[in-house]
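**Student:**
2 protein chains.
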Amino acid sequence: MPKTRQQNQNSLYLSPVITIVIISILSPLSLAAQPSKFRRAPRFVGKLPHLTEPPQRQQRQQQQQYRYETRYFEQRLDHFSFADLPTFSQRYLINTDHWVGPNRLGPIFLYCGNEGDIEWFAVNSGFVWDIAPRFGAMLVFPEHRYYGESMPYGSREVAYQNATTLSYLTAEQALADFAVFITNLKQNLSAEASPVVLFGGSYGGMLAAWMRLKYPHIAIGALASSAPILQFEDIVPPETFYNIVSSDFKRESASCFNTIKESWGELVSVGQKENGLLELTKTFHLCRILERIFEGVSVYYNYTGNVDCFQLDDDPHGLDGWNWQACTEMVMPMSSSRDKSMFPAYDYNYSSFKEECWNDFNVIPRPRWITTEFGGHDIKSVLKLFGSNIIFSNGLLDPWSGGSVLQNLSETIVALVTEEGAHHLDLRPSTNEDPDWLKKQRETEIKLIEGWIDNYYRGKKATFNM
Amino acid sequence: MPKTRQQNQNSLYLSPVITIVIISILSPLSLAAQPSKFRRAPRFVGKLPHLTEPPQRQQRQQQQQYRYETRYFEQRLDHFSFADLPTFSQRYLINTDHWVGPNRLGPIFLYCGNEGDIEWFAVNSGFVWDIAPRFGAMLVFPEHRYYGESMPYGSREVAYQNATTLSYLTAEQALADFAVFITNLKQNLSAEASPVVLFGGSYGGMLAAWMRLKYPHIAIGALASSAPILQFEDIVPPETFYNIVSSDFKRESASCFNTIKESWGELVSVGQKENGLLELTKTFHLCRILERIFEGVSVYYNYTGNVDCFQLDDDPHGLDGWNWQACTEMVMPMSSSRDKSMFPAYDYNYSSFKEECWNDFNVIPRPRWITTEFGGHDIKSVLKLFGSNIIFSNGLLDPWSGGSVLQNLSETIVALVTEEGAHHLDLRPSTNEDPDWLKKQRETEIKLIEGWIDNYYRGKKATFNM
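Just so you know, the sequences run in chain order A and B. Start counting the first sequence at 1; every next residue gets the next number (this note's numbering). Start counting the second sequence at 1; every next residue gets the next number (this note's numbering).
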């Protein structure tokens, strides 16, 4: 194993805390300077390439390991109306090296692309590449609309122009994209009878779980890693996210927790002075990252030492896709508690949130829509009654775990919870350095997926013999 | 029992054949004059007020029996995008006379409004009124968008103006209307924990079944009467519908079947002459209805003898809602076989169908969308695996039964099939004249619904005691 790879891998076990720091610190700092930012659902940074692009060497290495063809599929902009809108080109990556083909009902593993460039997700989801040969599976990675190259209206510039052009950036449209895409792909390959298994991490994990619930005729099961499908309305307490961030810090270093908790007052007063923010930026060693954490972060995001500055804002206009989604459907109430959080106390306030979204996007959020469309309340009895074949995997270090499903709901809706796990660590490639609990978790996932597929084949055989 | 009521009731047992005649004859006649009409999914006439309005006396009588409040609910035009569109006012009828209230978790029976005025469906769905007291249930009848008073853009005239204004007339939008409506209603009544049971006949039955599949967190079960959810693509043979119509005729009178089958040639040649259609209209005793069937039809549609002419076209421009739906999502291939059908032979041709829809509505159909969104292929194994609590009731005289689910798929997805039944006869009010098989069918339905509700209460109690 080359050193760089090892370094990178080690950093994954640091990353929960480190990546948390990045978002967390960004948010409260913004809270001082720009109160608005704090109110929105934090980005799923664990998955996002926003912070800084992976160094080129790493990228090249990964691309060698993960070979795929890039293709495009024409999609409707609004699946649920017949409005005369332009279609757009959805990018997808495909690998059929290990697929045993349609006659043997070779499985299709579909990674539900989330809020970013699909190539990044593909090369960072080593788990599906690792297990494809064992299952004789094809891999497909359809990109989420409005991200990467899958831009409606031909370009990101036009797609992100205003609320009208952005209005079709919704989870339901993305799920329908996947459904139409896979139905077509299977037909073209005469693989209608091949079982589809869904994978996804973070928002992609939410999509995988929801797709299994909404399109069970299309996919036989879903591995939903770190998928906070319950982070809506009052299903979990709004303090959950920042409480977990804070307790992660405490776990690593009680003094660090205290230092941070006590420093906000001073930070805010410096920040409000003339040139104060500039001064803070310098103090915190480039782009507002606390100096003492910089080294640790570097291992993960900049192990070549080539990057001098962490770009925390990916879009200077704030008009990035996740912010739009957080201001429309993905309304995840977030508070910061007085005692358990190391961040400035903040009580979630929907009115301010709404006002902010109006100012930023000219859009009014629909805070109750997600649970109306996908459920969420009373999830234990509801999912037990109608759902099946979903794995909710979560690491308790991950602040998003608080909004996910952490208990088995039935024999086939299974929660895999690891004490040490971080944001969808299970979807990363396996390495020799993996701790035992992670190896065991992945083995369980493989067994469950095998069970789904075996069941499916048995059902097919029974129908065939009838 | 007053005579009028009895007459009306008797006519229900004639109606399968009679109503079939009306649509069937309309279609092939149109085939001669206007080949296009035959290609579209026939209307669900059993439920539609198109043919003629019920006589005023009957209406008054029914309204006395079925008391409801009329209310309105503001809905988004496109639930699945954030496009800045005007909201519209959805009408709903509500009766709480027998509801035992939220504290006792009183059930809510929701009739899924279909393609017409909701008042008509409400007063013609006596079954739900009959059983409400027994269940302590509230009744709600939300109207389907673009029908009755529930018109986007403020008026039917604007809503039906063109493909752009009509573009939000889709089944998925209608289901989302129901989901948002019932979620709000329950919240307003603090009845979040009350179980919802869905009812629907014909297209409304399809909506009820699909709603149970897509929104199982919102409704605990569905009675889907005469719901041809399999009448898409190649799931059932395209000849099915007209074969059943024809065999119904044969069953009543072999000579009638033969007479009709042999007369098309002459009808077509007369129809093609100058004034030929006018001549035919006269010959067939007002508005193109075969004279020998006129009397039978009269009993059902015109028992007061006040109506001289049957209006077969409800909209002279052909721009009615069902035609739009048939040209967009509800693409149900229909052929007429050479031997088993009494109508002129016709092979379904998608290209012509598509062309016709383009000419009529400026819209391109999506013939594979319904099965992508709701499933349909391999329904036996798929529904068995993921669905539950649906009754598919069908009468084999009903030509739509051929496209419905006629076999039990699991313990909780049940097919109730009656030899003598017609188009959702089970949803009609019970009378003393009901035949035993119909009484028995309704009893089974009531028992199944009781089972769903009891199960739901048991689950609630278990959660409560935990």
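Idealized CB from N, CA, C, for every residue including glycine.
1) By the DSSP assignment, the beta strand (DSSP E) with Pro133/B in it spans what residues?
2) Could you tell me whether the Cβ of Tyr168/B comes closer than 9 Å to any Cβ of chain A?
3) Would you tell me roughly how many angstroms separate the C-alpha atoms of Thr444/B and Val197/B, rounded to the nearest one?
4) Go ahead and pull the three-state DSSP assignment for Pro237/A.
5) How big is the Cα-Cα spacing for Gly113/B and Ser393/B?
6) Output, in chain order, the set of chain A residues within a Cβ distance shorter than 9 Å of Thr183/B.
7) Can you tell me which residues form a DSSP beta bridge with Asp475/B?
8) Is the segment 87-105 of chain A touching the segment 166-179 of chain B, taking contact as three or more C-beta pairs under 8 Å?
9) Could you name the residues of the segment 144-177 of chain A whose beta carbon sits closer than 9 Å to any beta carbon of chain B, in the order they occur along the chain?
10) Going by C-alpha distance, which of Asp426/A, Trp99/A, Leu110/A is nearest Ala137/A?
11) Taking contact to mean 3 or more Cβ pairs, one atom from each stretch, closer than 8 Å, check whether the segment 391-408 of chain A and the segment 242-249 of chain A are in contact.
12) With 16 as the cutoff for other CB atoms within 10 Å, does Gly116/B come out buried or exposed?
13) Write down the C-beta distance between Ser194/A and Ile108/A rounded to the nearest angstrom, noting that I regard them as a contact closer than 8 Å.
14) For Glu192/B, collect the residues of the same chain with a Cβ closer than 7 Å to its Cβ; drop the 5 residues on either side in sequence, then sort them by chain order.
15) Identify, in the order they occur along the chain, each residue of the same chain with its Cβ nearer than 7 Å to the Cβ of Arg368/B, setting aside the five sequence neighbours on each side.
16) For Met332/B and Asp360/B, what's the separation of their Cα atoms in angstroms?
17) Closer than 7 Å between beta carbons: that is the criterion. Which residues of the segment 431-458 of chain B meet it against chain A?
18) Need the endpoints of the beta strand (DSSP E) that Met206/A sits in, please.
19) Compare the C-beta of Ala83/A with all C-beta atoms of chain B and state if any pair is closer than 9 Å.
20) Using the beta-carbon of each residue, which ones in chain A are nearer than 7 Å to His217/B?
21) Can you look up Gly106/A in the DSSP assignment and give me helix, strand or coil?
22) Can you confirm whether Lys340/B, when its beta carbon is compared against all beta carbons of chain A, has any partner nearer than 9 Å?
23) Does the beta carbon of Asp78/A sit closer than 9 Å to a beta carbon anywhere in chain B?
24) Rounded to a whole number of angstroms, what is the C-alpha to C-alpha distance between Gly395/A and Ser381/B?
25) Classify Asp313/A as helix, strand or coil using the three-state DSSP reduction.
26) From Glu143/A to Gln325/A, what does the alpha carbon distance come to, in whole angstroms?
27) Would you report the Cα separation of Gly276/B and Pro344/B, rounded to the nearest angstrom?
28) Under 9 Å Cβ-Cβ, which residues of chain A neighbour Lys186/B?
29) Would Asp320/A pass as an interface residue toward chain B - the criterion being a Cβ-Cβ separation below 9 Å?
30) Is there at least one Cβ from chain B nearer than 9 Å to Ala191/A's Cβ?
31) Ends of the alpha helix (DSSP H) at Asn258/A?
32) Note down, in chain order, every chain A residue with its Cβ under 7 Å from the Cβ of Phe386/B.
33) Cα-Cα, which of Ile182/B, Pro429/B, Ser255/B, Glu157/B is closest to Glu373/A?
34) I need the straight-line Cα distance from Asp339/B to Thr240/B, nearest angstrom please.
35) Check whether the Cβ atoms of Val363/A and Phe82/B sit closer than 9 Å, and answer yes or no.
36) What residues in its chain sit with their C-beta under 7 Å from that of Leu448/B, if we drop five residues either side in the sequence?
**Tutor:** Working from what's here:
1) As a first step, residue 133/B must be located in the second sequence, where it is residue number 133. No beta strand (DSSP E) contains Pro133/B, which is instead part of the alpha helix (DSSP H) from 126-135.
2) Reading the second sequence from its first residue, position 168 is the one you call residue 168/B. It does; some Cβ of chain A falls within 9 Å.
3) As a working mapping, residue 444/B is identified with position 444 in the second sequence. As a working mapping, residue 197/B is identified with position 197 in the second sequence. Put simply, the backbone Cα of Thr444/B is about 16 Å away from that of Val197/B.
4) In the first sequence, the residue the question calls residue 237/A occupies position 237. Under the three-state reduction of DSSP output, Pro237/A falls in the coil class, being neither helix nor strand.
5) Counting from 1 along the second sequence, the entry for residue 113/B is found at position 113. Counting from 1 along the second sequence, the entry for residue 393/B is found at position 393. The C-alpha of Gly113/B lies about 18 Å from the C-alpha of Ser393/B.
6) Within the second sequence, residue 183/B is the residue found at index 183, counting from 1. Annotation: Cβ neighbours of Thr183/B in chain A (cutoff 9 Å, chain order): Arg368, Thr371, Thr372.
7) This structure cannot settle anything about residue 475/B, because the visible part of chain B is limited to 1 through 466.
8) These segments do not touch.
9) Identification of residues in the segment 144-177 of chain A having a C-beta nearer than 9 Å to some C-beta of chain B yields Ala163, Thr164, Leu166, Ser167, Tyr168, Leu169, Thr170, Glu172, Gln173, Ala176, given in sequence order.
10) Looking up residue 137/A in the first sequence gives position 137. Nearest option by C-alpha distance: Trp99/A.
11) Short answer: they touch.
12) Here residue 116/B refers to the residue found at position 116 when the second sequence is read from its first residue. Gly116/B is buried by the Cβ-count criterion.
13) Numbered from 1 along the first sequence, position 194 holds the residue referred to as residue 194/A. Numbered from 1 along the first sequence, position 108 holds the residue referred to as residue 108/A. Contact between Ser194/A and Ile108/A holds, with the beta-carbon distance rounding to 5 Å and staying under 8 Å.
14) In the second sequence, residue 192/B corresponds to position 192, counting from 1. The residues are Lys186.
15) Here residue 368/B refers to the residue found at position 368 when the second sequence is read from its first residue. So the qualifying residues of the chain are Glu233.
16) By 1-based counting over the second sequence, the position of residue 332/B is 332. By 1-based counting over the second sequence, the position of residue 360/B is 360. Met332/B and Asp360/B: Cα-Cα distance of roughly 17 Å.
17) The segment 431-458 of chain B vs chain A, Cβ under 7 Å: nothing.
18) Looking up residue 206/A in the first sequence gives position 206. Met206/A -> not in any beta strand (DSSP E); alpha helix (DSSP H) instead, spanning 203-214.
19) Locating residue 83/A in the first sequence gives position 83, counting from the first residue. Yes, Ala83/A lies at the interface with chain B (some Cβ there is under 9 Å from its Cβ).
20) Taking the first residue of the second sequence as 1, we reach residue 217/B at position 217. Ordered by position in chain A, the residues that pass the 7 Å Cβ test against His217/B are Gly375, Val382.
21) The count along the first sequence starts at 1 and reaches residue 106/A at position 106. Coil.
22) The sequence position of residue 340/B within the second sequence is 340, counting from 1. Proximity of Lys340/B to chain A, defined by a Cβ-Cβ separation below 9 Å, is not satisfied.
23) Reading the first sequence from its first residue, position 78 is the one you call residue 78/A. Closer than 9 Å: yes.
24) Numbered from its first residue, the first sequence carries residue 395/A at position 395. Numbered from its first residue, the second sequence carries residue 381/B at position 381. When only Cα atoms are considered, Gly395/A and Ser381/B end up about 35 Å apart.
25) Here the question's residue 313/A lines up with position 313 in the first sequence. At Asp313/A the pLDDT is 43, less than 50, meaning the model places this residue with poor confidence; the figure from the coordinates comes in the next sentence. Coil at Asp313/A, not helix or strand.
26) Position 143 of the first sequence, counting from 1, holds the residue named residue 143/A. Position 325 of the first sequence, counting from 1, holds the residue named residue 325/A. Inter-residue distance for Glu143/A and Gln325/A is about 16 Å (C-alpha atoms, whole angstroms).
27) Residue numbering aside, residue 276/B sits at position 276 when the second sequence is read from its first letter. Residue numbering aside, residue 344/B sits at position 344 when the second sequence is read from its first letter. Computed Cα separation, rounded: 19 Å.
28) The count along the second sequence starts at 1 and reaches residue 186/B at position 186. Residues of chain A whose Cβ lies closer than 9 Å to the Cβ of Lys186/B do not exist, since the nearest Cβ in that chain is about 11 Å away.
29) Start at 1 with the first residue of the first sequence, and residue 320/A comes out as number 320. Cβ-Cβ to chain B under 9 Å: no for Asp320/A.
30) Your numbering for residue 191/A matches position 191 in the first sequence. For Ala191/A, not one C-beta of chain B is nearer than 9 Å to its own C-beta.
31) Counting from one through the first sequence, the residue named residue 258/A turns up at place 258. Taken as a continuous stretch (DSSP letters only), the alpha helix (DSSP H) holding Asn258/A covers 254-272.
32) Here residue 386/B refers to the residue found at position 386 when the second sequence is read from its first residue. Taking the beta carbon of Phe386/B as reference, the chain A residues within 7 Å of it are Pro216, Ser388, listed in sequence order.
33) Within the first sequence, residue 373/A is the residue found at index 373, counting from 1. For the residues Ile182/B, Pro429/B, Ser255/B, Glu157/B, the minimum Cα distance to Glu373/A belongs to Ile182/B.
34) What you label residue 339/B is simply residue 339 of the second sequence in a count that begins at 1. What you label residue 240/B is simply residue 240 of the second sequence in a count that begins at 1. Each residue's Cα considered, the two are about 13 Å apart.
35) The sequence position of residue 363/A within the first sequence is 363, counting from 1. The sequence position of residue 82/B within the second sequence is 82, counting from 1. A contact, by the Cβ cut-off of 9 Å.
36) Position 448 of the second sequence, counted from the first residue, corresponds to residue 448/B. Hits under 7 Å: Ile391, Val414.
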